[in-house]
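Peer 1: Pasting a structure here, questions to come.
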Amino acid sequence: MDLISLKRAAAEAALAYVPKGCVLGVGTGSTMIYFIRGLKRGWVRGAVPSSKGTERALRKRGIRVLDLNQAKKVRLYVDGADEVNPSLQLMKGGGGALTREKILASAAKKFICIVDGSKLVKRLGKFPIPLEVVPMARDQVAREVRKMGGRPVWRRDFVTDNGGEILDVHGWKVADPVRMERRLEAIPGVICAGVFGKRRADLLLVGTPQGVEKFISVTGIRW
Ligand code: 5RP
Numbered sequence: 116m117d118l119i120s121l122k123r124a125a126a127e128a129a130l131a132y133v134p135k136g137c138v139l140g141v142g143t144g145s146t147m148i149y150f151i152r153g154l155k156r157g158w159v160r161g162a163v164p165s166s167k168g169t170e171r172a173l174r175k176r177g178i179r180v181l182d183l184n185q186a187k188k189v190r191l192y193v194d195g196a197d198e199v200n201p202s203l204q205l206m207k208g209g210g211g212a213l214t215r216e217k218i219l220a221s222a223a224k225k226f227i228c229i230v231d232g233s234k235l236v237k238r239l240g241k242f243p244i245p246l247e248v249v250p251m252a253r254d255q256v257a258r259e260v261r262k263m264g265g266r267p268v269w270r271r272d273f274v275t276d277n278g279g280e281i282l283d284v285h286g287w288k289v290a291d292p293v294r295m296e297r298r299l300e301a302i303p304g305v306i307c308a309g310v311f312g313k314r315r316a317d318l319l320l321v322g323t324p325q326g327v328e329k330f331i332s333v334t335g336i337r338w
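Going by our numbering, the final residue of the sequence shown carries number 338, and the count climbs one at a time with no gaps.
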């Protein structure tokens, strides 16, 4: 089975977890496009998008778009990931929407991550760690990251929806995602790191050739 079909299978499985009438947070990426396509008009009260691209896709589908400030409570957030470890901690930001994604993941009561099986890793870090940075601080942040042993690469010609820039940091195996996230986000000029250590997924749905596998994080949430 190709990756596209596996992404689609995970996305379609997630639709069953969306409560009718809820405020839904909606992530960004190719997997999420299948999820948005499956959302029925009128099923959710409104959706808070994690990017302008997702906002456009939701509007096209006729889904009411809400701003997080209007929404107040987000019942569920659904999003893809670039890597997932066995503790359901994530690497995100391949699409550059990491900051809004992290905000929505932490605002939401429940977080479902949907991926194809190629995203599962023992340790995060094969995928470079995206850092959204304030543009005037880009070189300064890059110097700090080099001092810490990382190899930052500027994602040229890319500006985030927040007006930020992205450094992709290569060369780190992330043994302790919470610590790494804290260290990186403590560098002045870093808006957000793509390591989701503290706010991990509560439920992971993985598209595999054998079907969609389900992994539940030990958070005490009932599904
Ligand atoms: C965007 C992300 C995406 O969730 C991640 O890149 C996965 O994308 P895809 O579903 O296209 O594989 O973090 O910032």
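No residue lacks a Cβ here, since even glycine has one placed at the ideal position from N, Cα and C.
(1) Taking the straight line between their C-alpha atoms, what separation do you get for Val293 and Lys313?
(2) For Lys237, count neighbouring C-beta atoms within 10 Å of its own C-beta (all shown protein chains included) and say buried if the count is 16 or more, exposed if not.
(3) With which residues is Ile178 paired in a DSSP beta bridge?
(4) Across which residues does DSSP place Glu247 in a beta bridge pair?
(5) Identify the continuous alpha helix (DSSP H) that holds Val256 and give its terminal residues.
(6) Please confirm whether any heavy atom of the ligand 5RP lies closer than 7 Å to the CB of Gly136.
(7) Report the residue from Ala124, Lys188, Val248, Lys187 whose alpha carbon sits nearest the alpha carbon of Arg275.
(8) So what's Gly153 in DSSP terms, helix, strand or just coil?
(9) Classify Val230 as buried or exposed, calling it buried when 16 or more other Cβ atoms lie within 10 Å of its own Cβ.
(10) Report the rounded CA-to-CA distance for Ile227 versus Gly208, giving the unit in angstroms.
(11) Under DSSP, the beta strand (DSSP E) around Arg160 begins and ends at which residues?
(12) Can you tell me the Cα-Cα spacing of Asn184 and Ile119, whole angstroms?
(13) Tell me whether Pro245 is buried or exposed, calling it buried when 16 or more other Cβ atoms sit within 10 Å of its Cβ.
(14) Ends of the alpha helix (DSSP H) at Val289?
(15) For a test of your reading of the model: does the CB of Lys288 fall under 7 Å from any non-hydrogen atom of the ligand 5RP? Yes or no.
(16) Hey, is Lys167 close to the ligand 5RP, as in C-beta under 7 Å from one of its heavy atoms?
(17) Mapping the DSSP letters down to three states, classify Leu139 as helix, strand or coil.
(18) To the nearest whole angstrom, what separates the beta carbons of Gly144 and Gly195, a pair I think is in contact under 8 Å?
(19) Is Lys207 near the ligand 5RP - that is, is its Cβ less than 7 Å away from at least one heavy atom of it?
(20) Excluding sequence positions up to five away, which residues of its chain have a Cβ less than 7 Å from the Cβ of Lys122?
Peer 2: The answer reads as follows:
(1) The residue given as residue 293 occupies position 178 in the sequence shown. The residue given as residue 313 occupies position 198 in the sequence shown. If I take the Cα positions, the gap works out to 5 Å.
(2) Looking up residue 237 in the sequence shown gives position 122. Exposed is the label assigned to Lys237, since fewer than 16 other Cβ atoms lie within 10 Å of its Cβ.
(3) Start at 1 with the first residue of the sequence shown, and residue 178 comes out as number 63. Partner(s): none; Ile178 has no beta bridge.
(4) Along the sequence shown, read from residue 1 onward, the residue named residue 247 stands at position 132. For Glu247, which the question treats as bridged, DSSP gives the partners Ile281, Cys307.
(5) As a first step, residue 256 is located in the sequence shown; it is residue number 141 there, counting from the start. Taken as a continuous stretch (DSSP letters only), the alpha helix (DSSP H) holding Val256 covers 253 to 262.
(6) Residue mapping note: residue 136 aligns to position 21 of the sequence shown, counting from 1. No, the ligand 5RP has no heavy atom inside 7 Å of this Cβ.
(7) For the purposes of this step, residue 275 is taken as the residue at position 160 of the sequence shown. The sequence given here has Thr at residue 275, not Arg. Ranking Ala124, Lys188, Val248, Lys187 by Cα distance to Thr275 puts Val248 first.
(8) As a position in the sequence shown, residue 153 is number 38, starting the count at 1. Helix, per DSSP.
(9) Residue 230 sits at position 115 when you count from the first residue of the sequence shown. The residue is buried, with at least 16 neighbouring Cβ atoms inside 10 Å.
(10) As a position in the sequence shown, residue 227 is number 112, starting the count at 1. As a position in the sequence shown, residue 208 is number 93, starting the count at 1. Taking C-alpha positions only, Ile227 is separated from Gly208 by approximately 16 Å.
(11) The count along the sequence shown starts at 1 and reaches residue 160 at position 45. Premise fails: Arg160 is in no beta strand (DSSP E) and is neither H nor E.
(12) Taking the sequence shown and counting its residues from 1, one reaches residue 184 at position 69. Taking the sequence shown and counting its residues from 1, one reaches residue 119 at position 4. Distance between the alpha carbons of Asn184 and Ile119: 34 Å.
(13) Locating residue 245 in the sequence shown gives position 130, counting from the first residue. It counts as buried.
(14) Along the sequence shown, one-based indexing puts residue 289 at 174. Per DSSP, Val289 is not a residue of any alpha helix (DSSP H), being assigned neither H nor E.
(15) Position 173 of the sequence shown, counting from 1, holds the residue named residue 288. No - the ligand 5RP has no heavy atom lying nearer than 7 Å to the Cβ of Lys288.
(16) Locating residue 167 in the sequence shown gives position 52, where the first residue counts as 1. No, the Cβ of Lys167 stays beyond 7 Å of every heavy atom of the ligand 5RP.
(17) Start at 1 with the first residue of the sequence shown, and residue 139 comes out as number 24. Taken through DSSP and simplified to helix, strand or coil, Leu139 comes out as strand.
(18) As a first step, residue 144 must be located in the sequence shown, where it is residue number 29. As a first step, residue 195 must be located in the sequence shown, where it is residue number 80. Contact holds; Cβ gap of about 4 Å.
(19) Translated into positions along the sequence shown, residue 207 becomes position 92. Under cutoff, so the answer is yes.
(20) Counting from 1 along the sequence shown, the entry for residue 122 is found at position 7. Excluding sequence neighbours, Lys122 sits near Ser145, Thr146, Tyr149, Asp231, Gly322.
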